[in-house]
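*Asks:*
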Amino acid sequence: MLKKFEGRVIVPIFSPQGRIVGVEARCLEGKHPKSLRLLTTQAQWNPLFVGLSPYAMERIWNGADVWIVEGIFDVTTLQRLLGNSRVVLGTMRASVTRKHLDFLKRTVKGSVFVAYDNDKTGQDSMKGYIDEQGRSRKGVVDKISGMGLPCSPIYYRGGKDPNEIWENGGDLALQKAFSLYL
1 MLKKFEGRVI VPIFSPQGRI VGVEARCLEG KHPKSLRLLT TQAQWNPLFV GLSPYAMERI
61 WNGADVWIVE GIFDVTTLQR LLGNSRVVLG TMRASVTRKH LDFLKRTVKG SVFVAYDNDK
121 TGQDSMKGYI DEQGRSRKGV VDKISGMGLP CSPIYYRGGK DPNEIWENGG DLALQKAFSL
181 YL
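Here the sequence shown is numbered in our numbering, starting from 1 and rising by one per residue.
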């Protein structure tokens with residue numbers, strides 16, 4: 001089992017109470033599968049966010065705005081840019097679960113900002129879309145706003161996601177891409 005995690009970056013997944021409920025392991029060299037996840041049984045009833053540490057939880061309780069992104073590297077890249085006055089959480093995919101929504105509703109006192117990837121999946125998930133059967137599907141922004149939380153989409157240019165922008169142009173490119181929101 002441990003052999004599967006060799007050569008990967010391993011990031012802890014914390015519960016809101018500060019307990020580790022799993023790990024996300026990402027491959028950096030293009031090996032498959034791209035990510036592996038190992039979860040404890042406690043993960044069944046906790047929202048799974050990368051970036052939700054006891055330190056982040058304290059800032060959320062104290063009214064910090066929360067930014068939601070997809071990937072683990074987007075979390076670290078944007079947190080570096082935004083500093084300690086905001087919290088960046090990664091859903092590890094372009095969607096939110098009922099547990100994510102319940103957590104946000106119970107704990108966030110500030111605003112929520114969604115900065116999903118600039119691909120079709122990320123943008124459809126953020127803004128909503130019409131499925132193949134012609135049904136309207138709510139986006140993450142509408143789902144969060146519908147719970148009474150102020151929530152805004154974040155639009156940026158310069159790459160597929162915040163981490164790609166940073167990899168290609170460093171801090172200056174990242175600052176330029178998100179300058180409207182700083």
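Heads up, the beta-carbon is just placed ideally off N, CA and C, and yes, glycines get one too. In this text the structure is predicted, and so the values were computed from the model without any measurement.
When the Cα of E6 is compared with those of A64, R26, L52 and Q133, which residue comes out closest?
*Replies:* Counting from 1 along the sequence shown, the entry for residue 6 is found at position 6. Looking at the Cα atoms, R26 is the closest of the given residues.
*Asks:* On the DSSP bridge assignment, give the partners of S136 in chain order.
*Replies:* Locating residue 136 in the sequence shown gives position 136, where the first residue counts as 1. DSSP, once it has assigned bridges, lists I130 as partnering S136.
*Asks:* Are the CB atoms of L52 and L78 nearer to each other than 9 Å?
*Replies:* On the sequence shown, residue 52 is found 52 positions in, with the first residue counted as 1. On the sequence shown, residue 78 is found 78 positions in, with the first residue counted as 1. It is not a contact, given that the beta carbons lie outside the stated cut-off.
*Asks:* Per the contact definition of three or more C-beta pairs closer than 8 Å, is the stretch 51-69 in contact with the stretch 9-18?
*Replies:* Segments in contact, yes.
*Asks:* Where does V72 sit, in a helix, a strand or coil, going by DSSP?
*Replies:* As a first step, residue 72 must be located in the sequence shown, where it is residue number 72. The sequence given here has Ile at residue 72, not Val. In the structure shown, I72 sits in a helix (DSSP, three-state: H, G or I).
*Asks:* Just to confirm, is the Cβ distance from D161 to V87 under 9 Å?
*Replies:* Within the sequence shown, numbered from 1, the residue matching residue 161 stands at position 161. Within the sequence shown, numbered from 1, the residue matching residue 87 stands at position 87. It is not a contact, given that the beta carbons lie outside the stated cut-off.
*Asks:* Can you give me the start and stop residues for the alpha helix (DSSP H) that A173 sits inside?
*Replies:* Position 173 of the sequence shown, counted from the start, is the residue given in the question as residue 173. Taken as a continuous stretch (DSSP letters only), the alpha helix (DSSP H) holding A173 covers P162 to A177.
*Asks:* Helix, strand or coil for F49 per DSSP?
*Replies:* Locating residue 49 in the sequence shown gives position 49, counting from the first residue. Coil.
*Asks:* CA-CA distance, W67 and Q133?
*Replies:* As a first step, residue 67 must be located in the sequence shown, where it is residue number 67. As a first step, residue 133 must be located in the sequence shown, where it is residue number 133. Their backbone Cα atoms lie some 32 Å apart in a straight line.
*Asks:* Roughly how many angstroms lie between the CA atoms of I187 and D131, to the nearest whole one?
*Replies:* The structure shown does not extend to residue 187, since the chain is modelled only from 1 through 182, so no value can be given for it.
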